[in-house]
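Written out below as structure tokens is the structure these notes cover.
Residue numbers (the working numbering): 31 to 340.
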């Protein structure tokens with residue numbers, strides 16, 4: 031009957047979600063151990079993202095049927111599965127798919143430490159504006175044993191406001207109500223999306239540890255406070271300004287004609303890898319960790335400056 035179909039579907043979906051989680055963790059661990067290349071890691075994560083999106087549609091369909099049939103246990107399980115699927119997706123994974131296929135070059139910053147992962151990239155949106163996307167994931171701090179330290183959703187909101195005061199200070203609009211899911215028998219995982227005008231932030235808060243397990247964000251790069259590093263060719267034909275923020279954060283490169291102060295079109299390279307042209311403005315990319323050489327080339331003029339991120 032219909033109840034059996036829903037129950038079987040939930041069991042099958044739970045197995046597939048668990049398999050996706052294992053696949054993601056295994057790929058991260060292999061990359062950290064040097065057993066998997068960066069391109070293969072990104073392909074795996076993009077594949078996990080796509081499949082998680084498809085499974086989320088299945089979860090929504092099953093949850094609708096479970097509610098109609100008053101199957102409370104299955105409905106709760108599906109709510110859990112949808113949260114777990116959300117944590118398997120991210121803005122960078124979606125953005126890099128075209129670049130991995132070779133149709134559009136994409137520079138992606140990848141960092142792993144302690145079983146965690148940071149991905150960041152900069153791309154242009156449909157309006158031609160630069161958009162920075164970042165996702166950070168630390169599954170090792172997920173608490174799967176203890177109970178929930180938060181008595182109500184108000185406490186969760188206050189904790190997230192403390193964790194992200196720079197977002198809260200901008201009076202963000204909360205697009206989604208607090209979402210809650212339970213992975214296994216452990217503490218719940220809370221998620222809320224903050225929209226603050228030119229960007230959004232989605233943290234995933236572990237109810238047992240009170241720490242953020244995953245964080246997704248996307249924002250337009252307009253008038254962001256940065257440190258500035260200036261350099262000019264010996265003959266005074268080309269000036270370069272590199273605007274830095276932090277490791278895995280946005281980094282902007284601007285080329286100008288010293289005589290006029292006007293921006294000029296030049297090619298930007300980071301540690302010898304071509305990023306792209308400035309297009310008579312600022313070329314944004316992702317700032318690597320540590321010291322990097324930023325080179326700007328315009329005709330016979332070349333400027334190289336070294337910047338360091340913390």
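Idealized CB from N, CA, C, for every residue including glycine. Small disclaimer: the values here were computed from a predicted structure and weren't measured.
Given residue i as reference, the closest of the options once Cα atoms are compared
i           : options               : result
residue 122 : 249, 259 and 286      : 249
residue 320 : 331, 312 and 300      : 300
residue 36  : 328, 100 and 297      : 100
residue 226 : 239, 240, 137 and 196 : 196
residue 230 : 164, 262, 184 and 240 : 164
residue 183 : 159, 172 and 221      : 221
residue 124 : 80, 170 and 70        : 80
residue 303 : 126, 291, 316 and 265 : 316
residue 29  : 72, 293 and 96        : Residue 29 lies beyond the range of the chain shown here (31 to 340); nothing can be said about it.
residue 87  : 102, 104, 108 and 67  : 108
residue 331 : 298, 89 and 188       : 298
residue 293 : 47, 310, 84 and 136   : 310
residue 126 : 242, 256, 85 and 68   : 68
residue 290 : 296, 33 and 266       : 266
residue 168 : 334, 39, 338 and 51   : 51
residue 43  : 91, 32 and 70         : 91
residue 89  : 98, 115 and 102       : 115
residue 33  : 111, 82 and 98        : 98
Residue i: first and last residue of the uninterrupted beta strand (DSSP E) it sits in
i           : result
residue 303 : 303-307
residue 243 : 242-250
residue 323 : 320-328
residue 168 : Taken as a continuous stretch (DSSP letters only), residue 168 belongs to no beta strand (DSSP E), as it is neither H nor E.
residue 141 : 138-143
residue 148 : 146-154
residue 236 : 229-236
residue 310 : Careful: residue 310 lies outside any beta strand (DSSP E) and carries neither H nor E.
residue 331 : 331-339
residue 226 : Careful: residue 226 lies outside any beta strand (DSSP E) and carries neither H nor E.
residue 297 : 297-300
Contacting residues, own chain, Cβ-Cβ under 6 Å from residue i (five flanking each side not counted)
i           : result
residue 45  : none
residue 361 : Limits of the chain in this structure are 31 at one end and 340 at the other, which puts residue 361 out of reach.
residue 260 : 271
residue 232 : 223 and 246
residue 117 : 234 and 244
residue 269 : 262, 286 and 288
residue 139 : 150, 278 and 316
Residue range of the alpha helix (DSSP H) that includes residue i
i           : result
residue 189 : 183-193
residue 108 : 102-116
residue 38  : 32-62
residue 83  : 68-98
Residues of its chain near residue i, where Cβ-Cβ distance is below 7 Å and the 5 sequence neighbours each way are ignored
i           : result
residue 252 : 228
residue 306 : 298 and 313
residue 96  : 36, 104, 105 and 108
residue 358 : Since the displayed the chain opens at 31 and closes at 340, residue 358 lies outside it and no answer follows.
residue 335 : 259, 261, 270, 272 and 324
residue 48  : none
Close beta carbons around residue i, own chain, < 8 Å, minus the five adjacent residues each side
i           : result
residue 54  : 74, 75, 78 and 118
residue 161 : 152, 153, 154, 155, 248, 249, 250 and 251
residue 41  : none
residue 295 : 285, 307, 308, 309, 310 and 328
Original post:
What residue ranges within the stretch 255-292 form continuous beta strand (DSSP E) runs of no fewer than 3 residues, ordered along the chain?
Top reply: 257-262, 269-274 and 280-286
**OP:** Would you check if there are 3 or more beta carbon pairs closer than 8 Å linking the stretch 142-159 to the stretch 52-65?
**Re:** yes
Original post:
Would you call the stretch 274-294 and the stretch 178-195 in contact, with 3 or more CB pairs under 8 Å?
Top reply: no
Original post:
Between the stretch 314-330 and the stretch 278-295, are three or more C-beta pairs nearer than 8 Å?
Top reply: yes
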